[in-house]
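Chains as they are written, first to last, in this note's numbering: chain A, 8 to 117; chain B, 368 to 482.
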Amino acid sequence: GQSLEQPSEVTAVEGAIVQINCTYQTSGFYGLSWYQQHDGGAPTFLSYNALDGLEETGRFSSFLSRSDSYGYLLLQELQMKDSASYFCAVRDNAGNMLTFGGGTRLMVKP
Amino acid sequence: DTAVSQTPKYLVTQMGNDKSIKCEQNLGHDTMYWYKQDSKKFLKIMFSYNNKELIINETVPNRFSPKSPDKAHLNLHINSLELGDSAVYFCASSTTRGGAHGELFFGEGSRLTVL
Numbered sequence: 008g009q010s011l012e013q014p015s016e017v018t019a020v021e022g023a024i025v026q027i028n029c030t031y032q033t034s035g036f037y038g039l040s041w042y043q044q045h046d047g048g049a050p051t052f053l054s055y056n057a058l059d060g061l062e063e064t065g066r067f068s069s070f071l072s073r074s075d076s077y078g079y080l081l082l083q084e085l086q087m088k089d090s091a092s093y094f095c096a097v098r099d100n101a102g103n104m105l106t107f108g109g110g111t112r113l114m115v116k117p
Numbered sequence: 368d369t370a371v372s373q374t375p376k377y378l379v380t381q382m383g384n385d386k387s388i389k390c391e392q393n394l395g396h397d398t399m400y401w402y403k404q405d406s407k408k409f410l411k412i413m414f415s416y417n418n419k420e421l422i423i424n425e426t427v428p429n430r431f432s433p434k435s436p437d438k439a440h441l442n443l444h445i446n447s448l449e450l451g452d453s454a455v456y457f458c459a460s461s462t463t464r465g466g467a468h469g470e471l472f473f474g475e476g477s478r479l480t481v482l
């Protein structure tokens, strides 16, 4: 089976940098995805890492270490609109589905 | 143009009733999913269909019956609703199984409240 661990809540101030960690245990591994979900909204895709290293997309970056079964999402120049829940997700061994972590609620304060 | 649309957005019903949620995607994707998000925001997969064929059934009670009349539609019928079925149900789609590059496209969700 799959299990993913991420912090339940993180608080940061506007303009700061925040890192949301995710560790996973899977029977197989294709890649690690990150999703953002605002309250009352749908999860939306942010990034995907299949190989070790850092992927950068604007203010957001995602990192993966396959040997450590670990990844993180880095959010820079935080804005109030970044307040949301962030989910990591792994694509399973057969590649048929995404299993999500419990989500990290990010609160950005002025 | 909504890529993945679900109806209804809100559903309030009594225990024991039967209800359906419909989902349609206009992205031309082959794979569709139903996820359940509980009050603690945990997102759990329920079913996945690929080209109308069921490929994932994650030990969901058989009161839940998905139906995919074609690859653009995936509906969810729930019989004999229970209090624990209260949740937000998300439909999603992807180009391939598991999402090419881990990317799923989600609908806006259907909030089901069972009284």
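By construction, the Cβ of each residue, glycine as well, lies at the ideal position given by its N, Cα and C atoms.
From a predicted model like this one, the values you see are computed outputs, not experimental measurements.
Contacting residues, own chain, Cβ-Cβ under 8 Å from residue i (five flanking each side not counted)
i, result
"A101/A", "G35"
"G110/A", "Q13, S15, Q44, S92, Y93 and F94"
Member of the options whose CA lies at the smallest distance from the CA of residue i
i, options, result
"E12/A", "T106/A, M114/A, V115/A and K116/A", "T106/A"
"Q86/A", "L39/A, L113/A, G38/A and Y55/A", "L113/A"
"C95/A", "L482/B, S406/B and L471/B", "L471/B"
"E62/A", "Q44/A, L82/A and G109/A", "L82/A"
Distance between residue j and residue i (C-alpha atoms, nearest Å)
i, j, result
"N103/A", "R464/B", "5 Å"
"F409/B", "C458/B", "15 Å"
"N393/B", "G474/B", "11 Å"
"T380/B", "I445/B", "12 Å"
"G476/B", "S453/B", "13 Å"
"T462/B", "M399/B", "9 Å"
"V25/A", "L441/B", "38 Å"
Beta-carbon proximity list for residue i, same chain, < 7 Å, skipping 5 on both sides
i, result
"N418/B", "D397 and K438"
"T18/A", "M114 and K116"
Residues bridged to residue i [DSSP beta-bridge criterion]
i, result
"S433/B", "Note on residue identity: the sequence assigns Pro, not Ser, to residue 433/B. Bridge partners of P433/B: L443/B."
"T64/A", "F67/A"
"F107/A", "A96/A"
"R478/B", "Y377/B and V455/B"
Whole-number beta carbon distance between residue j and residue i, since they are thought to touch under 8 Å
i, j, result
"G469/B", "R98/A", "5 Å"
"S69/A", "L58/A", "Actually they are not in contact, since the Cβ atoms of S69/A and L58/A sit about 12 Å apart, beyond 8 Å."
"Y42/A", "T33/A", "Contact flag wrong, Cβ pair sits at about 17 Å."
"S76/A", "F67/A", "Not really, about 21 Å apart at Cβ, beyond 8 Å."
Cβ neighbours of residue i in the same chain (closer than 6 Å, five flanking residues each side left out)
i, result
"I422/B", "S415"
"K411/B", "K403"
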